[in-house]
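Enquirer: In terms of the working numbering, the sequence shown opens at residue 1 and continues consecutively.
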Amino acid sequence: MRNTIVITLLISISIIFFGCQKKVITEKTSMDYVQNQLDKLAPVTLTHDLSYLPAKEIKVIRLLVKASKLMDELFLSQVYHENP
1 MRNTIVITLL
11 ISISIIFFGC
21 QKKVITEKTS
31 MDYVQNQLDK
41 LAPVTLTHDL
51 SYLPAKEIKV
61 IRLLVKASKL
71 MDELFLSQVY
81 HENP
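#1: Going by DSSP, what residue range makes up the alpha helix (DSSP H) through L70?
#2: Let me see if you follow: with CB-CB separation under 8 Å, is L38 close to chain B or not?
#3: Over what stretch of residues does the alpha helix (DSSP H) that includes N83 continue unbroken?
#4: Helix, strand or coil: which one does DSSP assign to D49?
#5: Expressed to the nearest angstrom, what Euclidean distance is found between the alpha-carbon atoms of D39 and L9?
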């Protein structure tokens, strides 16, 4: 019984120790690979009939879209400093 507890404790500690290490990227992926992955994605155009919304709500939606584009740029620069 004592051996089982010790083994379980050692396994738990090793999982915590090795599972919490930060992954470090040491090399860049080739642009050919990235372009190949992007080519697999299908372009999508989202549309919706906004005619039933009041003008104020349409303005809010446009502001939210504008804010989301700014947030995308911030996220990309936080993830990697060489992102455009």
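Backbone N, C-alpha and C fix where the C-beta goes; we use that ideal spot for every residue, glycine too.
Expert: Straight from the coordinates:
#1: Within the sequence shown, numbered from 1, the residue matching residue 70 stands at position 70. L70: member of the alpha helix (DSSP H) spanning 55-79, first to last residue.
#2: Of the chains in the structure shown, none is chain B; there is only one protein chain.
#3: As a first step, residue 83 must be located in the sequence shown, where it is residue number 83. Run containing N83: none; DSSP gives neither H nor E here.
#4: Here residue 49 corresponds to residue number 49 of the sequence shown, with the count starting at 1. Three-state result, D49: coil.
#5: Walking along the sequence shown from the start, residue 39 turns up at place 39. Walking along the sequence shown from the start, residue 9 turns up at place 9. Separation of D39 and L9 (C-alpha to C-alpha, rounded to the nearest whole angstrom) is 47 Å.
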